[in-house]
């Protein structure tokens with residue numbers, strides 16, 4: 002049943018990414034629409050970046066997106082690597098490794114999202 | 003009136019384990035008339051040009067699954083494929099990939115049969131005594147039959163296994179045929195052993211290593227559509243994981259009505275003698 | 040006769056084509072490639088975008104490096120990869136949850152299969168993907184950056 006669980010959450014993560022990365026792509030790469038870019042100009046200007054970092058909803062959505070994307074991406078990578086035929090011991094080790102690396106990266110990303118949000122009071 | 007005769011070149015992949023380290027290609031030219039199948043062509047080569055050519059065949063009518071091979075890059079049955087439908091000038095014949103090669107066009111299908119055996123491809127029921135010594139029929143509606151009938155047409159020819167991209171690299175992957183057969187038995191309302199088979203399907207290198215390239219269904223010479231069975235299997239597994247599955251009841255025993263006391267509406271004579 | 044069988048597995052080349060070069064086969068390959076591409080980009084992106092927590096000076100310095108047209112082009116490729124992966128992903132979710140493969144039906148020659156069932160979905164997905172790529176391209180090369 003574990004593989005069913007992994008795959009089911011992989012699909013759920015995919016839908017989460019569709020929503021939140023879809024939003025992110027609209028903000029960053031369909032900037033003519035001007036979503037979450039209050040200062041106009043380039044999407045990567047500090048003013049726009051600061052606005053998005055400190056926005057409650059967006060800060061939260063970045064963290065959710067980070068978690069879902071890491072899970073989805075690493076499950077996909079695991080599937081591709083497993084299909085190349087490694088031994089069972091490698092498969093088990095690789096799975097544990099991906100969990101550890103994934104959780105570390107999630108920690109780093111969440112920390113920076115929270116730190117960026119707190120910057121408003123710091124400046 | 004005589005049919006037009008085409009001279010067609012067969013590029014055949016040959017491999018002799020005693021002499022060759024790797025397969026090589028050999029060319030034959032044969033006269034082809036409309037109606038000749040690739041299998042007919044191979045027989046012609048073996049009978050008139052090269053008796054050492056090895057290939058499997060049996061029924062020559064598309065029901066035994068012996069003559070699966072790659073014809074112009076597509077897996078198919080040699081007995082079912084008209085030469086002139088493929089080409090009027092030249093075609094390639096090669097053994098099915100993703101199996102070990104015994105000789106020439108003969109792949110080793112025994113591991114595939116082994117995997118198939120391992121998925122318990124037979125009806126199982128908890129009431130073993132009734133199954134061993136049946137007293138009456140199991141009741142199954144035509145709708146229940148239709149849910150799995152398509153997947154019973156499988157002749158285990160191996161064409162789907164040859165076409166599948168996952169089979170190309172993953173030696174542990176069950177493959178489209180065993181996975182479709184797992185679904186065939188699980189969805190058969192007469193069967194009771196779904197859990198054991200589901201555990202096999204839901205393992206690593208099981209059903210979730212299918213990514214719907216669709217080649218298996220495209221290659222199947224009997225229209226079995228294993229890809230459909232596999233996706234329906236995934237749906238079933240996910241619904242069960244979230245506890246949303248509506249478990250159907252196992253087919254019950256059906257006592258036929260006792261017609262011994264029925265009278266016919268029209269009295270027919272016992273027999274009619276010639277007059 | 041010896042038992043020297045020849046290993047006739049196609050290997051990783053088999054991911055590209057094992058027989059009929061159907062469009063669904065190409066979509067499968069592209070889905071894998073875009074997925075790996077996005078993953079590699081994403082791991083770097085976590086660190087690049089984290090720079091914003093150090094304030095405007097550090098951020099502007101990092102952005103100055105990334106203003107290079109090579110990065111701009113790379114960003115467009117990531118957008119294209121995402122658009123394809125997302126839209127094909129929608130198609131795959133519908134198929135792999137058994138919603139776009141049709142019901143089992145007795146095979147009558149000429150055989151139809153789930154490939155026929157999903158063709159309209161595939162067409163719609165590819166058209167939307169093309170539109171998004173054009174929109175993203177317009178935005179990248181002609182938009183305000």
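Protein chains in written order, with the numbering used here: chain S, 2 to 124; chain Y, 3 to 277; chain P, 40 to 184.
Using N, Cα and C, we set each Cβ at its ideal position, and we do this for glycine too.
The Cβ neighbour count for residue 222 of chain Y, taken over all protein chains shown within 10 Å, is at least 16; the residue is labelled buried. Pairing residue 143 of chain Y with residue 108 of chain Y, the inter-Cα distance amounts to about 41 Å. Excluding sequence positions up to five before and after residue 90 of chain P, its CB lies within less than 7 Å of the CB of 97, 98 and 101, all in the same chain and listed in chain order.
With fewer than 16 neighbouring CB atoms inside 10 Å of its own CB, residue 34 of chain S falls in the exposed class. For residue 193 of chain Y, no Cβ of chain P is located within less than 7 Å of the residue's own Cβ. Only 4, 5, 6, 8 and 9 from the stretch 4-37 of chain S bring a Cβ to less than 7 Å from some Cβ of chain Y. Of all alpha-carbon atoms in P/73, P/154 and P/141, the one lying nearest the alpha-carbon of residue 125 of chain P is that of P/73. Nearest to residue 240 of chain Y by C-alpha distance, out of P/132, P/48, P/173 and P/157, is P/132. For residue 59 of chain Y, there is no enclosing beta strand (DSSP E), as DSSP marks it with neither H nor E.
With at least 16 other beta carbons inside 10 angstroms of its own, residue 166 of chain Y counts as buried.
Residue 24 of chain Y and residue 84 of chain Y have their C-alpha atoms some 29 Å from each other. With respect to the C-alpha of residue 11 of chain S, the residue from P/141, P/128 and P/119 having the closest C-alpha is P/128. The criterion of a C-beta distance shorter than 7 Å is satisfied by residue 30 of chain Y and residue 12 of chain Y. Per the coordinates, the alpha-carbon of residue 7 of chain S lies some 11 Å from the alpha-carbon of residue 77 of chain S. By the neighbour-count criterion, in which a residue is buried when 16 or more other Cβ atoms sit within 10 angstroms of its Cβ, residue 262 of chain Y is exposed. Between residue 56 of chain Y and residue 106 of chain Y, the C-beta spacing is below 7 Å.
For residue 256 of chain Y, the three-state secondary structure derived from DSSP is strand. Annotated as distal: residue 146 of chain Y and residue 137 of chain P, with beta-carbon spacing of 7 Å or more. For residue 72 of chain Y, no alpha helix (DSSP H) encloses it; the enclosing beta strand (DSSP E) starts and ends at 70-73. For residue 86 of chain S, at least one C-beta of chain Y is nearer than 7 Å to its own C-beta. Between residue 76 of chain P and residue 120 of chain P, the alpha-carbon positions lie close to 8 Å from each other. Under a criterion of Cβ atoms nearer than 9 Å, no residue of chain Y is adjacent to residue 94 of chain S; the nearest Cβ is some 14 Å distant. Leaving aside the five residues that flank residue 158 of chain Y on each side, the residues in its chain whose CB is nearer than 6 Å to its CB run, in chain order, 67. Look at residue 113 of chain S: its C-beta is under 7 Å from a C-beta on chain P. When CB distances to chain Y are screened at a threshold of 9 Å, the residues of the stretch 61-81 of chain S falling below it are 80, in chain order. A straight-line Cα-Cα distance of about 13 Å links residue 256 of chain Y and residue 133 of chain Y.
Taking a Cβ-Cβ cut-off of 7 Å, the neighbours of residue 174 of chain P in chain S comprise 31, given in sequence order. Residue 128 of chain Y and residue 235 of chain Y have their C-alpha atoms some 22 Å from each other. Straight across, the Cα-Cα distance linking residue 94 of chain S with residue 87 of chain S is about 11 Å.
Interface with chain S (7 Å Cβ-Cβ cutoff): residue 206 of chain Y is included.
Spanning the alpha carbons of residue 28 of chain Y and residue 52 of chain Y requires a straight line of approximately 10 Å. Residue 253 of chain Y and residue 141 of chain Y have their C-alpha atoms some 6 Å from each other. For residue 196 of chain Y, the closest of Y/183, Y/188 and Y/247 by C-alpha to C-alpha distance is Y/188. Secondary structure note for residue 14 of chain Y: its beta strand (DSSP E) is the uninterrupted segment 8-16. Closer than 7 Å to the CB of residue 136 of chain P there is at least one CB belonging to chain Y. Cβ contact annotation for residue 107 of chain S (same chain, cutoff 7 Å, sequence separation greater than five): 67, 68 and 71, in chain order.
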